[in-house]
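Working notes for the structure below.
Residue numbers (this note's numbering): -13 to 287.
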């Protein structure tokens, strides 16, 4: 039997005394992954990413699916730890993918390859001067200001032109990406299409609670299962096909642009929540979990 480790942040470890408010997402996902992996003769353990290098030799593969703090002043340590893991055993996604995907400047690269990316400005900081320039360049009165390395709306701000400038503690602490706010996130929601081994698995729409724009469950966001059109699946597939590598797992996130076309807002290939409840089947027979297990076995063989 092959041994597989799922990496987690300390506050996402099942044994942690103080757990994240969204740790129920870990439990929901693992309940579906355990039987699917066992059916492929693989046993799953949850391991702290901070001890992953030390434990890597005991595992046939390691997946960093719950490292939900790698960006919070941990990015240098996390990358070093994953480099050691990658040198010892099979890391999926690989260290090259993790390094590339950890900085959201990848959106610029994808745009050059023809992906329909939401307009984005990268800046060295979220300074008043840089934000003022972004309002002018993007021709908008409302901006979303995000860290270049971040996830889960951490240190992310929605800022209206003319408002009091946000407190520094709320803004990204370093390199920043700036995007126009798209009203469709409230009116329609954010679309997520999940792929395993470059094959489409399932999709959903994530919606913020009333009055907010953040779609994560931590902020009251909700989800509903979505059946994408063939064109929407193909659009996501085309983005993945531009990559010089094939990820084991990827989540392609879209928002509707003001031109009524879907725009890529994120391509998550480090620690995406996989929303397996929006795939078909029961907890012990979930097709999304089965597809991930099959894709991993294929890579390991």
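Quick reminder that beta carbons are idealized off the backbone N, C-alpha and C, glycines included.
Item: Start-end ranges of the alpha helix (DSSP H) lying completely within the segment -4 to 27, minimum 4 residues; Value: 9 to 24
Item: Cα-Cα separation, residue 1 to residue 36; Value: 15 Å
Item: Cutoff 6 Å; reference residue 279; Cβ partners in own chain excluding five residues on either side; Value: 22, 23, 26
Item: Contact set for residue 46: own chain, Cβ-Cβ below 7 Å, skip 5 residues either direction; Value: -12, -11, -10, 75, 76, 286
Item: Per DSSP, cross-strand counterpart(s) of residue 125; Value: Beta-bridge pairing links residue 125 to no other residue.
Item: Nearest-angstrom Cα separation, counted from residue 212 out to residue -4; Value: 32 Å
Item: Below-7 Å beta-carbon distance, residue 168 vs any chain D residue; Value: This model lacks chain D altogether; it includes just one protein chain.
Item: The segment 46 to 57 contacting the segment 241 to 254, beta-carbon criterion three pairs below 8 Å; Value: no
Item: For residue 93, the three-state DSSP class (helix, strand or coil); Value: helix
Item: CA nearest to the CA of residue 170, picked from 149, 187, 151, 192; Value: 192
Item: Straight-line Cα distance separating residue 42 from residue 168; Value: 42 Å
Item: Sequence-distant residues of the same chain with beta carbon closer than 6 Å to residue 53, five excluded per side; Value: -7, -5, 35, 257
Item: Whether residue 126 touches residue 159 by CB criterion (7 Å); Value: no
Item: Under the three-state DSSP convention, the category residue 163 falls into; Value: strand
Item: Which residues DSSP lists as bridging residue 208, in chain order; Value: 193
Item: Helix, strand or coil at residue 31 [DSSP, three-state]; Value: strand
Item: Closest Cα partner of residue 135 within the set 163, 244, 186; Value: 163
Item: Sequence-distant residues of the same chain with beta carbon closer than 8 Å to residue 199, five excluded per side; Value: 130, 144, 167, 171, 172
Item: CA nearest to the CA of residue 71, picked from 33, 194, 98; Value: 33
Item: Nonlocal neighbours in the same chain, by C-beta distance under 7 Å from residue 85, ignoring five residues either side; Value: 65
Item: 8 Å contact criterion, which residue 124 and residue 107 should meet: CB distance rounded; Value: 7 Å
Item: Within the segment 226 to 274, ranges of the beta strand (DSSP E) (whole runs, at least 3 residues); Value: 235 to 242, 248 to 254
Item: CB contact flag (residue 209, residue 190, <7 Å); Value: yes
Item: 7 Å Cβ cutoff met for residue 15 and residue 262; Value: yes
Item: For residue -6, the residue or residues it bridges with in DSSP; Value: 34, 52
Item: Residue of 272, 110, 221, 161 minimising C-alpha distance to residue 178; Value: 221
Item: Rounded C-alpha distance that separates residue 91 from residue -2; Value: 27 Å
Item: Nearest neighbour of residue 112, chosen from 63, 274, 153 [CA to CA]; Value: 153
Item: Reduced DSSP category for residue 281 - H, G, I as helix; E, B as strand; rest coil; Value: helix
Item: Buried or exposed by the 16-neighbour rule on C-beta atoms within 10 Å, applied to residue 231; Value: exposed
Item: Buried or exposed (CB count within 10 angstroms, at least 16 for buried), residue 272; Value: buried
Item: Euclidean distance between Cα positions of residue 245 and residue 38; Value: 45 Å
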